[in-house]
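Scroll down for the structure; my scribbles are underneath it.
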């Protein structure tokens with residue numbers, strides 16, 4: 155596997171990291187990522203990671219070096235090519251948070267489709283999670299929550 159492939163796989167964690175020119179460089183967060191994570195933490199909102207990467211050890215090291223590892227209540231980072239639904243099943247078991255109370259951002263249509271079927275509000279992002287994508291996620295989450303409430307009445 156080439157350095158470029160390894161680097162790209164290691165960076166695919168929740169759309170937080172920017173892709174770097176060389177593998178040995180320290181990754182940096184996308185511009186809005188740290189602020190979003192800090193705001194969620196300040197509000198007491200639990201955040202988890204669901205990622206597939208053949209370089210899970212590198213990805214976990216990056217989280218630690220960036221000083222954000224402690225911001226996540228669950229880190230489902232697998233080196234195997236497990237299905238994204240397995241990540242969410244593990245997060246659900248670990249945290250007790252129901253799928254309908256989860257908001258997920260990813261850059262792959264197939265993951266969005268699979269996780270949405272579980273009841274998770276899912277937002278497709280192209281270049282990482284930014285304020286626009288985050289707002290869209292909150293609007294969709296609110297809409298889905300209201301729809302769930304109406305169905306129960």
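Numbering (the working numbering), first residue to last: 155 to 307.
All C-beta atoms in this analysis are idealised placements derived from N, C-alpha and C, irrespective of residue type, glycine included.
### Contacts around residue 227, its chain only, beta-carbon distance under 8 Å, and the 5 residues preceding and following it disregarded
200, 201, 202, 248 and 249
### Task
Please confirm whether residue 259 and residue 274 have their CB atoms less than 8 Å apart.
no
### Query
Nearest-angstrom Cα distance between residue 196 and residue 231?
Straight-line Cα distance between these residues: approximately 24 Å.
### Task
Spatial neighbours of residue 272 within its chain, please: CB distance less than 7 Å, with the 5 preceding and 5 following residues excluded, ordered by chain position.
239, 242 and 253
### Cβ-Cβ distance between residue 222 and residue 191 below 8 Å
yes
### Contacting residues, own chain, Cβ-Cβ under 8 Å from residue 268 (five flanking each side not counted)
Its chain contains 237, 238 and 239 as the residues whose beta carbon lies nearer than 8 Å to that of residue 268, once the 5 sequence neighbours on both sides are disregarded; these appear in chain order.
### Task
Flag this pair as yes or no: are the beta carbons of residue 224 and residue 207 separated by less than 8 Å?
no
### Query
Hey, out of 245, 255, 287 and 278, whose CA is closest to residue 300's CA?
255
### Message
To the nearest angstrom, how far is the alpha carbon of residue 287 from that of residue 262?
### Response
When rounded, the distance between both Cα atoms is 14 Å.
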